[in-house]
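If you read the sequence shown in the numbering used here, its first letter stands for residue 1, the second for the next number, and so on. We put the CB at the ideal spot given by N, CA and C, even for glycine. Below: one structure, written as structure tokens.
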Amino acid sequence: MFSRHNPEGQVVVFAQQGGGGSSLPAILMIGGIILLMYFFLIRPQSRQRRQMQELQKSLGVGDQVITVGGLHGTVVQADDETVTLEVAPGVTNKYVRGAVSRKVEETSSTGAEDSTEQSKDE
1 MFSRHNPEGQ VVVFAQQGGG GSSLPAILMI GGIILLMYFF LIRPQSRQRR
51 QMQELQKSLG VGDQVITVGG LHGTVVQADD ETVTLEVAPG VTNKYVRGAV
101 SRKVEETSST GAEDSTEQSK DE
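What follows is the structure, given as structure tokens:
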């Protein structure tokens with residue numbers, strides 16, 4: 001405690017502020033939040049972006065794809081920046097590679113027939 005006399009001769013007492021405490025828990029909490037953001041937001045997005053780039057680089061003639069707009073087509077020509085898709089017999093459209101969202105995986109028709117036959121037998 002500190003005391004001091006004011007001009008009127010009265011004694012004024014000042015109390016010291018209490019100890020501020022450690023700022024370590026706050027720093028650790030902020031660090032934890034940053035780590036959570038990294039593992040739940042940033043890391044999955046970078047992995048997804050890398051997979052998308054690999055997909056777009058691997059496009060070749062004959063691949064069946066879907067664009068970001070939902071258009072289904074078959075790649076008939078591909079260069080470094082663009083792909084040409086055949087969307088109907090004799091109808092082609094040219095797109096940048098970034099417009100392709102995914103490849104359509106071909107499923108074997110015999111596997112589908114086998115599963116329907118098995119369900120009929122049961």
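DSSP beta-bridge partners for Lys103?
-> Val65
From what residue to what residue does the beta strand (DSSP E) around Glu86 run?
-> Thr82 to Ala88
Three-state secondary structure (DSSP) at Phe40?
-> helix
Quick one: measure Cβ to Cβ for Val75 and Val61, integer angstroms, because I've assumed they're closer than 8 angstroms.
-> 6 angstroms
Going by alpha carbons, who is nearest to Asn93 out of Gln45, Gly69 and Gln53?
-> Gly69
Measure the Cβ-Cβ separation of Val100 and Thr67 and say whether it is below 7 angstroms.
-> yes
Given Glu106 as reference, the closest of Arg47, Val65, Ala88 and Leu59 once Cα atoms are compared = Val65
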